[in-house]
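Enquirer:
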Amino acid sequence: MFEIEDVGVFLGLDVGKSAHHGHGLTPGGKKVIDKPLPNSEPKLRAVLDKLRDKFGAVLVVVDQPASIGALPLTVARDAGCQVAYLPGLAMRRIADLYPGEAKTDAKDAAVIADAARTMPHTLRSLELTDEITAELTVLVGFDQDLAAEATRTSNRIRGLLTQFHPSLERVLGPRLDHQAVTWLLERHGSPAALRKAGRRRLVELIRPKAPRMAVRLIDDVFDALDEQTVVVPGTATLDIVVPSLAASLAAVHTQRRAMEAQINALLEVHPLSPVRGGGARPPRRAPPPPGPRGPGGGGCRGG
């Protein structure tokens, strides 16, 4: 249960984008404040300092600790106030017990303050470690945006290749998440450009990014090029559009790798990291013992 013995004012905040509605109650239920509070550090700090000087310990309670609720909680902590969180589901159930059906900012703030005063067991503590969670939320959200952008760009490239050279799309489309393929298309975006560059040059171009796949991939590319002898009208525009799209896709992939590294770093220092094994990968299972080999030494594998 959340400790409230020393609290002099329970300040419920219904948070908003430009302003929050604050409702303050003493332990005896006396209302000491009920007004909008601008979403500004100086004005929030002035109200909190005034309440603290007059009533002692102030407990600031919100129903949304992230996003638009982040600033008032941070200011409250810095001003020496306690902070807590009333989960939204609990708040809505508690609000149903109060008279009036209309949902207003003032009513929600009053419900939050009174719930903190009379039902402290409904409150959740907001520790400083929640800063890590907040950072993870932002990074994961950005990574989701990047993933959506990668999908959009990849689909656009595949759509163009399908329109003008389906055989080439069947080779490169499924591999667009590989650095070697985006690198290739950044420099040679059309069938004509690929053919003009030549097999050997293309192999050397992508070998640093795909040492084991380079020869096989370029062989597949030229097999696909040989399948189509006609030139679909508009194919020349691929030299303009595809390299630009491929560069954008490569940049998004680079950003996603950076996001993954930052997210993993935050997970390593999160208090729950020991629970998830500290980020260590589970040990790989040992491979099964080899079965009996046939006369050709190929085991059970097909030719």
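In terms of the working numbering, the sequence shown is residues 7 to 309. Every residue gets a Cβ at the ideal spot worked out from N, C-alpha and C, and that includes glycine. Note that the structure is predicted; figures quoted are calculated from it, not measured.
1) Please list the terminal residues of the continuous beta strand (DSSP E) segment that includes Lys41.
2) Count the other CB atoms, across all protein chains shown, that sit within 10 Å of the CB of Asp69; report buried if there are 16 or more and exposed otherwise.
3) Using the three-state DSSP reduction, which class does His171 fall into: helix, strand or coil?
4) Hey, Asp149 and Leu31: beta-carbon distance below 8 Å or not?
5) If contacts are defined as beta-carbon pairs under 8 Å, then Arg205 and Ile224 qualify, I think. What distance do you get, rounded to the angstrom?
6) Please work out which residues of its chain come closer than 7 Å, Cβ to Cβ, to Arg2, disregarding the five sequence neighbours upstream and downstream, and give them in chain order.
7) Taking all protein chains shown into account, do 16 or more other C-beta atoms lie within 10 angstroms of the C-beta of Asp102, making it buried, or fewer, making it exposed?
8) CB Ala122 to CB Val67, shorter than 8 Å?
9) Which whole-angstrom value describes the C-beta separation of Ala112 and Asp40, a residue pair presumed to lie in contact below a C-beta threshold of 8 Å?
10) Alpha carbon to alpha carbon, how far is Ser173 from Ala230? Give it in angstroms, no decimals.
11) Beta strand (DSSP E) containing Gln88: first to last residue?
12) Within 8 Å, do at least three Cβ pairs link the stretch 185 to 202 to the stretch 241 to 255?
13) Label Pro288 either buried or exposed according to how many other C-beta atoms from any shown protein chain fall within 10 Å of its C-beta, with 16 as the threshold for buried.
14) Using 8 Å as the threshold, is the C-beta distance between Gly195 and Leu244 below it?
15) I'd like the span of the alpha helix (DSSP H) that includes His29, first residue to last.
16) Nearest CA to the CA of Gln261: which residue from Glu210, Ala271, Ala153?
17) How is Leu182 classed by DSSP in three states: helix, strand or coil?
18) Going by C-alpha to C-alpha distance, which of Leu50, Thr168, Ile10, Glu175 sits closest to Gly75?
19) Can you list, in chain order, the residues of its chain with a C-beta nearer than 7 Å to that of Arg181? Leave out the 5 residues immediately preceding and following it.
20) Among the candidates Val247, Leu43, Pro33, whose CA atom is the shortest distance from the CA of His27?
21) Could you check whether Gly14 and Ala52 sit closer than 8 Å to each other, using their CB atoms as the reference points?
22) In this structure, how does DSSP classify Ala63 when only helix, strand and coil are distinguished?
23) Report yes if the CB atom of Leu132 is closer than 8 Å to the CB atom of Cys87, and no otherwise.
24) State the DSSP-derived secondary structure class of Leu152, mapped to helix, strand or coil.
25) From Thr168 to Ala156, what does the alpha carbon distance come to, in whole angstroms?
26) Which value, in whole angstroms, describes the spacing of the CA atoms of Ser46 and Lys56?
27) Shortest alpha-carbon distance to Val177 belongs to which of Gly147, Thr128, Lys215, Glu233?
28) Could you tell me which uninterrupted alpha helix (DSSP H) segments, each at least 4 residues in length, are contained entirely in the stretch 223 to 287, listed from first to last along the chain?
29) Output the distance between the C-alpha atoms of His259 and Lys37, rounded to the nearest integer angstrom.
30) Closer than 7 Å by C-beta to Ala175: which residues in its own chain qualify, once you throw out the five before and the five after it? Chain order, please.
Expert: Looking at the atomic coordinates:
1) By 1-based counting over the sequence shown, the position of residue 41 is 35. Counting along the chain, the beta strand (DSSP E) containing Lys41 begins and ends at 37 to 44.
2) As a working note, residue 69 is residue 63 in the sequence shown. Under this definition Asp69 is a buried residue.
3) One-based indexing of the sequence shown puts residue 171 at position 165. It is coil, neither helix nor strand.
4) Indexing the sequence shown from 1 puts residue 149 at position 143. Indexing the sequence shown from 1 puts residue 31 at position 25. Their beta carbons are not under 8 Å apart, which means Asp149 does not touch Leu31 by this criterion.
5) As a working mapping, residue 205 is identified with position 199 in the sequence shown. As a working mapping, residue 224 is identified with position 218 in the sequence shown. Arg205 to Ile224, Cβ: 6 Å. Contact.
6) For the chain, the structure presents residues 7 to 309; residue 2 sits outside this window and is missing.
7) To locate residue 102, count along the sequence shown from 1; it is residue 96. Around the beta carbon of Asp102, a 10 Å sphere encloses fewer than 16 other beta carbons of the protein chains shown; the residue is thus reported as exposed.
8) Residue 122 sits at position 116 when you count from the first residue of the sequence shown. Residue 67 sits at position 61 when you count from the first residue of the sequence shown. The answer is yes: Cβ separation under 8 Å.
9) Taking the first residue of the sequence shown as 1, we reach residue 112 at position 106. Taking the first residue of the sequence shown as 1, we reach residue 40 at position 34. Right, the Cβ-Cβ distance comes to about 7 Å (below 8 Å), so this counts as a contact.
10) Taking the sequence shown and counting its residues from 1, the one referred to as residue 230 is at position 224. Taking the sequence shown and counting its residues from 1, the one referred to as residue 173 is at position 167. Answer to the nearest angstrom: the Cα atoms are 5 Å apart.
11) Residue numbering aside, residue 88 sits at position 82 when the sequence shown is read from its first letter. Its beta strand (DSSP E) spans residues 88 to 91.
12) yes
13) If you number the sequence shown from 1, residue 288 lands on position 282. Any reading at Pro288 needs caution, since the residue's pLDDT is 42, under 50, leaving its predicted position unreliable; the model's value is listed next. When all chains shown are included, Pro288 counts as exposed.
14) Residue mapping note: residue 195 aligns to position 189 of the sequence shown, counting from 1. Residue mapping note: residue 244 aligns to position 238 of the sequence shown, counting from 1. With respect to the 8 Å criterion, Gly195 and Leu244 are classified as neighbours on the basis of their beta carbons.
15) In the sequence shown, residue 29 corresponds to position 23, counting from 1. That residue, His29, is in no alpha helix (DSSP H); its beta strand (DSSP E) goes 25 to 31.
16) Here residue 261 refers to the residue found at position 255 of the sequence shown. Considering only alpha carbons, the answer is Ala153.
17) Here residue 182 refers to the residue found at position 176 of the sequence shown. The answer is coil: DSSP assigns Leu182 none of H, G, I, E or B.
18) Counting from 1 along the sequence shown, the entry for residue 75 is found at position 69. Measuring from the Cα of Gly75, the nearest candidate turns out to be Leu50.
19) Residue 181 sits at position 175 when you count from the first residue of the sequence shown. Cβ within range, chain order: Val187.
20) Here residue 27 corresponds to residue number 21 of the sequence shown, with the count starting at 1. Ranking Val247, Leu43, Pro33 by Cα distance to His27 puts Leu43 first.
21) Locating residue 52 in the sequence shown gives position 46, where the first residue counts as 1. Locating residue 14 in the sequence shown gives position 8, where the first residue counts as 1. Going by C-beta atoms, Ala52 is not nearer than 8 Å to Gly14.
22) In the sequence shown, residue 63 corresponds to position 57, counting from 1. Three-state result, Ala63: strand.
23) Translated into the one-based positions of the sequence shown, residue 132 becomes position 126. Translated into the one-based positions of the sequence shown, residue 87 becomes position 81. Cβ distance not < 8 Å, so Leu132 and Cys87 don't count as in contact.
24) For this step, residue 152 is matched to residue 146 along the sequence shown. The answer is helix: DSSP assigns Leu152 an H, G or I state.
25) Translated into positions along the sequence shown, residue 168 becomes position 162. Translated into positions along the sequence shown, residue 156 becomes position 150. Those two C-alpha atoms are separated by around 18 Å.
26) Along the sequence shown, read from residue 1 onward, the residue named residue 46 stands at position 40. Along the sequence shown, read from residue 1 onward, the residue named residue 56 stands at position 50. Here the alpha carbons of Lys56 and Ser46 stand approximately 16 Å from one another.
27) By 1-based counting over the sequence shown, the position of residue 177 is 171. Closest by alpha carbon: Glu233.
28) 244 to 275
29) Taking the sequence shown and counting its residues from 1, one reaches residue 259 at position 253. Taking the sequence shown and counting its residues from 1, one reaches residue 37 at position 31. Going by the C-alpha atoms only, they are around 54 Å apart.
30) Within the sequence shown, the letter at position 169 stands for residue 175. Just to set this straight, residue 175 is Glu in the shown sequence, not Ala. Within the same chain, Glu175 has close Cβ partners Arg164, Leu167, Thr168.
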